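Visitor: Below you'll find the structure I mean.
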Amino acid sequence: MRIEIIPCLKDNYSYLVIDEIKNIACVIDPSESKPIIKFVEKNKISLKYILNTHHHFDHVGGNKELKNKYNAIVVGFKNDYDRIPEIDFGVEDGQVWKKDNFEIKIIHIPGHTSGHISFYLFKEGIIFTGDTLFSLGCGKIFEGTYDQMFSSLKKIKSLPLNTKIYCGHEYTLNNSKFCAKYDSQNIDLKSKIFDINKKLKNGLPTVPTILKDEINCNIFLKANDVKTFTKLRDLKDNF
Ligand code: ZN
Ligand code: FE
689 MRIEIIPCLK DNYSYLVIDE IKNIACVIDP SESKPIIKFV EKNKISLKYI
739 LNTHHHFDHV GGNKELKNKY NAIVVGFKND YDRIPEIDFG VEDGQVWKKD
789 NFEIKIIHIP GHTSGHISFY LFKEGIIFTG DTLFSLGCGK IFEGTYDQMF
839 SSLKKIKSLP LNTKIYCGHE YTLNNSKFCA KYDSQNIDLK SKIFDINKKL
889 KNGLPTVPTI LKDEINCNIF LKANDVKTFT KLRDLKDNF
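Heads up: the sequence shown runs through residues 689 to 927, numbered per the working numbering.
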C-alpha cells in the first residue's frame, strides 16, 4: 500500500491509500473532490472507496461528487448514518473492514465529535486520526467530554510505537508553539520542532508523524490524567 497526501482547502489533508498491484484506491476524508479527481485521473487510479473519519464538512465535502463520478462506496461510523453525506456502509468500533486488499481496523475515538473514528491499517502500521490526534496537538472537543477525548487519545497511545500517524490538518507549526510554551525543557520536542520547520520551509507536509515522537513531544499525550489534559485543552482553546 502506498499513501498519497493530497492537500485540500486551506490546511486539510486528504489521503489516498493505493493498492499498487490492482491500481485501486480508498480516499480518506475528501474535503473537496477536485484535487482528488486530478490525482487519480493523472495516475490512472480507480477510486473505489471513500472513508470518512467524521461528518464535518471539511472531511466529507467531496463525497457526493466522487461517488457520482467513480461509483465509489462511502464508509463511515454507523451512528453517523444520518450526517455523513452519501454513506453506503456503516462500521463500528473494533470492526475490521475488508475489501479487495484493504484491511482496516475501525477504532472509535469520540471527543471531537461523538462519532469520530480512526482507520488503522494494522498490517502496515498506519493510522488515520482525522481531527482527534494531530501532530503535537489534538482536536477541539465539540461534542464529547474531556474524559472521552482523553481515553480516545489513550487508545491511540497503546498502538505500536513505530505507528505512522496521518492526521486531518496541517496544524503542526501552531501546535508546536503551544507545546514549546508549556514544555520548554523538552529536548525531544526541540529536535522535533527543528525537523518540522525544515519540512515546512521546503514546502513539505509535516505528516506522517511517528507515534513515538508524539508520545515524547505532544503535550496532550504526555498528560497523565484527565485533570491535566483538561487544563491544557482549555489553555489551547485560548492560545
Ligand atoms: Zn472536524
Ligand atoms: Fe477538520
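Each residue gets a CB set at the ideal place from its N, CA and C atoms; glycine is no exception.
No experiment lies behind these values; they were computed from the predicted model shown.
Would you list, in sequence order, the uninterrupted alpha helix (DSSP H) runs of no fewer than 4 residues that lie entirely inside the region 791-850?
Guide: Within the region 791-850, the complete alpha helix (DSSP H) runs of at least 4 residues are 834-845.
Visitor: Taking P893 as the reference, give the member of N850, Y701 and M689 with the closest Cα.
Guide: With distances taken between Cα atoms, P893 lies closest to Y701.
Visitor: Kindly indicate the opening and closing residues of the alpha helix (DSSP H) around R771.
Guide: Counting along the chain, R771 falls outside any alpha helix (DSSP H), and DSSP gives it neither H nor E.
Visitor: Note the first and the last residue of the continuous alpha helix (DSSP H) segment covering N904.
Guide: From DSSP, the alpha helix (DSSP H) with N904 extends over L899 to C905.
Visitor: Which residue marks the beginning of the beta strand (DSSP E) containing N700, and which one marks its end?
Guide: Note, N700: beta strand (DSSP E), N700 to D707.
Visitor: Is the Cβ-Cβ distance between I814 and P695 less than 9 Å?
Guide: Not a contact, by the Cβ cut-off of 9 Å.
Visitor: Locate the beta strand (DSSP E) running through V779, then write down its first and last residues.
Guide: V779 -> beta strand (DSSP E) spans F777 to V779.
Visitor: If contacts are defined as beta-carbon pairs under 8 Å, then T754 and V715 qualify, I think. What distance do you get, rounded to the angstrom?
Guide: According to the sequence provided, residue 754 is Leu. The question's Thr does not apply to it. With a Cβ gap of about 7 Å, L754 and V715 count as contacting.
Visitor: Is D768 a contact residue of the ligand ZN, with contact defined as CB to any heavy atom under 8 Å?
Guide: The answer is no for D768.
Visitor: Any heavy atom of the ligand FE closer than 8 Å to the CB of G832?
Guide: Every heavy atom of the ligand FE is 8 Å or more from the Cβ of G832, so no.
Visitor: What does the alpha-carbon distance come out to for the pair D768 and S839?
Guide: Their backbone Cα atoms lie some 20 Å apart in a straight line.
Visitor: What whole-angstrom Cβ distance do I898 and K852 have, given they're in contact under 8 Å?
Guide: Between K852 and I898 the Cβ distance is about 6 Å, and since that is below 8 Å, they are a contact.
Visitor: Could you work out which residue in K793, K698, K900 and I693 is closest to V728 when comparing CA atoms only?
Guide: Per the Cα distances, I693.
Visitor: At which residues does the beta strand (DSSP E) containing L739 begin and terminate?
Guide: Taken as a continuous stretch (DSSP letters only), the beta strand (DSSP E) holding L739 covers S734 to L739.
Visitor: In terms of residues, what are the limits of the beta strand (DSSP E) holding F765?
Guide: First-last of the beta strand (DSSP E) with F765: I761 to F765.
Visitor: Excluding five sequence neighbours on each side, which residues of the same chain lie with their C-beta closer than 8 Å to the C-beta of D781?
Guide: I794, I795, H796 and I805, listed in sequence order.
Visitor: By Cβ distance, which residues of its chain are closer than 7 Å to R743, with the 5 residues on each side in sequence left out?
Guide: The sequence shown places His at residue 743, not Arg. Around H743: D768, R771, I772, T801 and G803.
Visitor: Locate the alpha helix (DSSP H) running through P723, then write down its first and last residues.
Guide: Counting along the chain, the alpha helix (DSSP H) containing P723 begins and ends at K722 to K730.
Visitor: With burial defined as no fewer than 16 other Cβ atoms inside 10 Å of the residue's Cβ, what is the status of Q836: buried or exposed?
Guide: Looking at its Cβ environment, which holds 16 or more other Cβ atoms inside 10 Å, Q836 is buried.
Visitor: Taking 8 Å as the line, does the beta carbon of D746 fall inside it for any heavy atom of the ligand FE?
Guide: Yes, the Cβ of D746 comes within 8 Å of a heavy atom of the ligand FE.
Visitor: By alpha-carbon positions, which one of L824, S872, I844 and C867 ends up nearest to H857?
Guide: That would be L824, whose Cα lies nearest to the Cα of H857.
Visitor: What is the DSSP secondary structure of A713, reduced to helix, strand or coil?
Guide: Looking at A713 - three-state DSSP - the assignment turns out to be strand.
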